[in-house]
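Trainee: Please see the structure below; I have some questions.
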Amino acid sequence: MSKSNTILYLDGVSVSFDGFRAINNLSLVLDKGEMRAIIGPNGAGKTTMMDIVTGKTRPDEGEVFFDGQVDLTRHDEAEIAMMGIGRKFQKPTVFESHTIEENLMLALNAPRSIFPPLLHRRSAA
Numbered sequence: 000m001s002k003s004n005t006i007l008y009l010d011g012v013s014v015s016f017d018g019f020r021a022i023n024n025l026s027l028v029l030d031k032g033e034m035r036a037i038i039g040p041n042g043a044g045k046t047t048m049m050d051i052v053t054g055k056t057r058p059d060e061g062e063v064f065f066d067g068q069v070d071l072t073r074h075d076e077a078e079i080a081m082m083g084i085g086r087k088f089q090k091p092t093v094f095e096s097h098t099i100e101e102n103l104m105l106a107l108n109a110p111r112s113i114f115p116p117l118l119h120r121r122s123a124a
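Structural data, given as structure tokens:
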């Protein structure tokens, strides 16, 4: 598999928790502009795969690259979020090592300020 011209590249990814192999030799390639759905039964490793891509979990083995060249295993969750990679949780969470303002700035992920949306007042329609 070649990682050039890919937006997401996982090859040979494995991870275990307390002796349980949650993911065993996963390979997945997403080309730029491509969309895929990851489906499977409970315990299949879908959440663990997303935890690896977003930096919450480190794989025991394998490669995880973004945009063909960024090794995601060398970045933490906040750095990966700043690259534009994120996920929506059913239960909202924050980066506990960051301030409230830093968490809000990560959510915006653009050269914007958090204050205009907070201070904006609706005009009468």
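Going by numbering that gives the first Met the number 0, the letters in the sequence shown line up with residues 0 to 124, in that order. The beta-carbon is built from N, C-alpha and C at its ideal position, and this holds for glycine as well.
Indicate the three-state DSSP secondary structure (helix, strand or coil) for T20 in the structure shown.
Mentor: What sits at residue 20 in the sequence shown is Arg, not Thr. If DSSP states are grouped into helix, strand and coil, R20 belongs with the strands.
Trainee: Looking at C-beta atoms only, is the number of pairs between the region 35–45 and the region 60–67 that lie closer than 8 Å three or more?
Mentor: Verdict: no, contact absent.
Trainee: For I6, name the three-state secondary structure that DSSP assigns.
Mentor: Strand, per DSSP.
Trainee: For M49, which option in D30, N4, E76 and Q68 has the closest C-alpha, if you only look at C-alpha atoms?
Mentor: For M49, the nearest C-alpha among the options comes from E76.
Trainee: Does L71 get closer than 7 Å to chain C when you measure Cβ to Cβ?
Mentor: Protein chains in the displayed structure number just one, and chain C is not present.
Trainee: Helix, strand or coil for D50, going by three-state DSSP, please let me know.
Mentor: Note: D50 maps to helix in three-state DSSP.
Trainee: Using only the alpha-carbon positions, how far apart do E78 and L107 sit?
Mentor: If I take the Cα positions, the gap works out to 14 Å.
Trainee: Can you tell me whether T98 is buried or exposed? The criterion is at least 16 other CB atoms within 10 Å of its CB, across all chains shown.
Mentor: Burial call: exposed.
Trainee: Which word fits P58, buried or exposed, when buried means at least 16 other C-beta atoms lie within 10 angstroms of its C-beta?
Mentor: So P58 ends up on the buried side.
Trainee: Are the beta-carbon atoms of I51 and K31 separated by less than 7 Å?
Mentor: For I51 and K31, no; Cβs fall outside 7 Å.
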